[in-house]
Amino acid sequence: MLSSYKLTTFKGDEDNIVGKHVYGNLYGCDVRLISNEKYLRKLVKEAVNIANMHLVELKSWKFFSKKGGVSVIALVTESHVAVHTWPGYQYATVDVYTCGRESQPEKAFEHIVKGLAPKEYTKHFADRSSVIVRTEVVREGV
Numbered sequence: 003m004l005s006s007y008k009l010t011t012f013k014g015d016e017d018n019i020v021g022k023h024v025y026g027n028l029y030g031c032d033v034r035l036i037s038n039e040k041y042l043r044k045l046v047k048e049a050v051n052i053a054n055m056h057l058v059e060l061k062s063w064k065f066f067s068k069k070g071g072v073s074v075i076a077l078v079t080e081s082h083v084a085v086h087t088w089p090g091y092q093y094a095t096v097d098v099y100t101c102g103r104e105s106q107p108e109k110a111f112e113h114i115v116k117g118l119a120p121k122e123y124t125k126h127f128a129d130r131s132s133v134i135v136r137t138e139v140v141r142e143g144v
């Protein structure tokens, strides 16, 4: 005799953390833009607002070593936004992580990418939620 199967989806309640992580690498960036600490701070602050996040503190550092560069980190209530640049390589990385239901990290990422105008870039997404969503096969009639 054949058994029938029922698909059931389990997920947590509405109070669980909703972690959304968007990050990527930007290649062929304009050296003037990725060397400009003031511009990068402004760009990150705009991205925070566009993505419906709430700024706690904005920090930046300019490095004068051979590889040089600028790092800008926004601590937001929902988590963080980080941009690191290497003008000598025309390269930058962007990392936007949020744990708020209303925040939109992809919008922040896209705003920063547009502002740095790379020739090419990669974009990755990771679900960092505390809820495991899975489908389980349940055998009925056993």
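In short: position in the sequence shown from 1, add 2, done, that's the numbering used here. Yeah, the Cβ is synthetic: ideal placement off N, Cα and C, and Gly gets one too. Note that the structure is predicted; figures quoted are calculated from it, not measured.
query	result
At 4 residues or longer, and completely inside the region 24-82: list those alpha helix (DSSP H) runs for me, N to C.	33-36, 39-52
How about V1 and N38: are their beta carbons less than 9 Å apart?	Residue coverage of the chain in this structure runs from 3 to 144, which leaves residue 1 outside it and unanswerable.
Mind checking Y123: buried by the 16 CB within 10 Å criterion, or exposed?	buried
Look up E122 in the DSSP assignment and say whether it is helix, strand or coil.	strand
Hey, could you find the ends of the beta strand (DSSP E) V20 is sitting in?	Premise fails: V20 is in no beta strand (DSSP E) and is neither H nor E.
Nearest-angstrom Cα distance between H126 and A53?	17 Å
To the nearest angstrom, how far is the alpha carbon of E80 from that of Y91?	31 Å
Taking a contact to mean a Cβ-Cβ separation below 9 Å, would you say V83 touches I36 in this structure?	no
Just to check my reading of the structure: L118 and L28 have Cβ atoms closer than 8 Å, yes? What is that Cβ distance to the nearest angstrom?	6 Å
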